Amino acid sequence: MTTTTIEAQVLPTPTGPLSLLSHEGILVAAGFTADPEEMFARLSPAMRAHGLTRVDDLGHAARAVRDYLDGDLTALDTVEVSQPGSPGRQRLLTALREVPAGTTVTYAELAERAGMPRTAARAAGGACAQNLIAPFVPCHRVLPSIGGFGGYYYGTPVKQWLLTHEKALG
137 MTTTTIEAQV LPTPTGPLSL LSHEGILVAA GFTADPEEMF ARLSPAMRAH
187 GLTRVDDLGH AARAVRDYLD GDLTALDTVE VSQPGSPGRQ RLLTALREVP
237 AGTTVTYAEL AERAGMPRTA ARAAGGACAQ NLIAPFVPCH RVLPSIGGFG
287 GYYYGTPVKQ WLLTHEKALG
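According to the numbering used here, the sequence shown is numbered sequentially starting from 137.
Here is the structure:
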């Protein structure tokens with residue numbers, strides 16, 4: 137049995153390089169780093185066993201990023217993604233993908249949308265912190281109920297740029 141490698145492409149964005157990692161046409165990681173190895177290291181051992189190869193064009197995922205940057209704020213929604221997690225984590229990630237560009241939710245609202253109101257902010261915050269596919273799974277659209285930006289794996293300036301680009305901030 138042969139295994140297909142994970143393919144990586146780095147795209148320039150106004151807020152810094154964005155590494156995309158795809159396995160068999162499904163995005164398994166994306167993040168604001170010039171080094172795809174940083175994203176690769178966050179994958180499960182089973183995924184890392186496939187190895188990593190840099191490519192010039194990932195096709196649909198790369199086009200979606202370019203379209204998003206050009207103003208089509210729904211372009212990232214069309215890319216198939218997959219990441220590990222418990223059933224509860226999967227519900228949170230699905231609810232997160234359903235938060236439309238140009239809007240934000242609180243961590244508690246995200247948990248409620250996922251049908252997990254008792255887990256509230258803690259579980260939603262954990263799902264965002266463990267999210268491997270930014271900005272396709274848009275954890276940047278989740279803000280603390282007390283105000284401010286809260287944390288973001290790639291730094292507050294990146295989160296602020298994404299929200300401004302999507303016009304969720306004035």
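Don't be surprised by glycine CBs; every beta carbon is placed ideally from N, CA and C. The structure displayed is predicted, hence computed values, not measured ones.
I'd like the list of long-range same chain contacts for residue i, defined as Cβ closer than 6 Å, with 5 residues on each side in sequence excluded.
{"i": "Phe285", "result": "Thr292, Lys295"}
{"i": "Glu160", "result": "Thr140"}
{"i": "Pro153", "result": "Val146, Ala170"}
With distance defined between alpha-carbon atoms, name the residue in the options nearest to residue i.
{"i": "Gly239", "options": "Ala260, Pro253, Cys275, Leu268", "result": "The question names Gly, but residue 239 in the sequence shown is Thr. Residue Cys275 is the option with its Cα nearest to Thr239."}
{"i": "Ala170", "options": "Arg190, Val235, Arg199, Ile162", "result": "Arg190"}
{"i": "Leu212", "options": "Gly224, Phe168, Ala260, Ile269", "result": "Ile269"}
{"i": "Leu157", "options": "Pro236, Thr210, Glu216, Arg249", "result": "Glu216"}
{"i": "Gly207", "options": "Ala237, Ser222, Arg184, Arg178", "result": "Ala237"}
{"i": "Ala144", "options": "Pro153, Asp192, Arg184, Gly287", "result": "Asp192"}
{"i": "Glu302", "options": "Val235, Ala185, Tyr289", "result": "Val235"}
Quick check on DSSP: helix, strand or coil for residue i?
{"i": "His196", "result": "helix"}
{"i": "Arg178", "result": "coil"}
{"i": "Arg186", "result": "One detail in the question is off: residue 186 reads as His in this sequence, not Arg. Coil, per DSSP."}
{"i": "Arg227", "result": "helix"}
{"i": "Gln296", "result": "helix"}
{"i": "Glu173", "result": "helix"}
{"i": "Val146", "result": "strand"}
{"i": "Ala165", "result": "strand"}
{"i": "Val201", "result": "helix"}
{"i": "Leu212", "result": "helix"}
Using a Cβ-Cβ cut-off of 8 Å (strictly less than) and excluding sequence neighbours within five positions of residue i, which residues of its own chain qualify?
{"i": "Thr242", "result": "Ala257, Val278, Leu279, Pro280, Ser281"}
{"i": "Thr149", "result": "Phe168, Val201, Leu205"}
Since residue i and residue j should fall inside the 8 Å C-beta cutoff, what is the C-beta to C-beta distance between them, to a whole number of angstroms?
{"i": "Leu188", "j": "Pro172", "result": "7 Å"}
{"i": "Leu229", "j": "Ala263", "result": "6 Å"}
Please list, in chain order, all residues of the same chain as residue i whose beta carbon is under 7 Å from its beta carbon, the five residues on each side excluded.
{"i": "Pro220", "result": "Ser180"}
{"i": "Ala200", "result": "Ala211, Leu212, Thr214, Val215"}
If you scan the region 230-293 from start to end, which runs of the alpha helix (DSSP H) of 4 or more residues do you find wholly inside it? 243-249, 256-266
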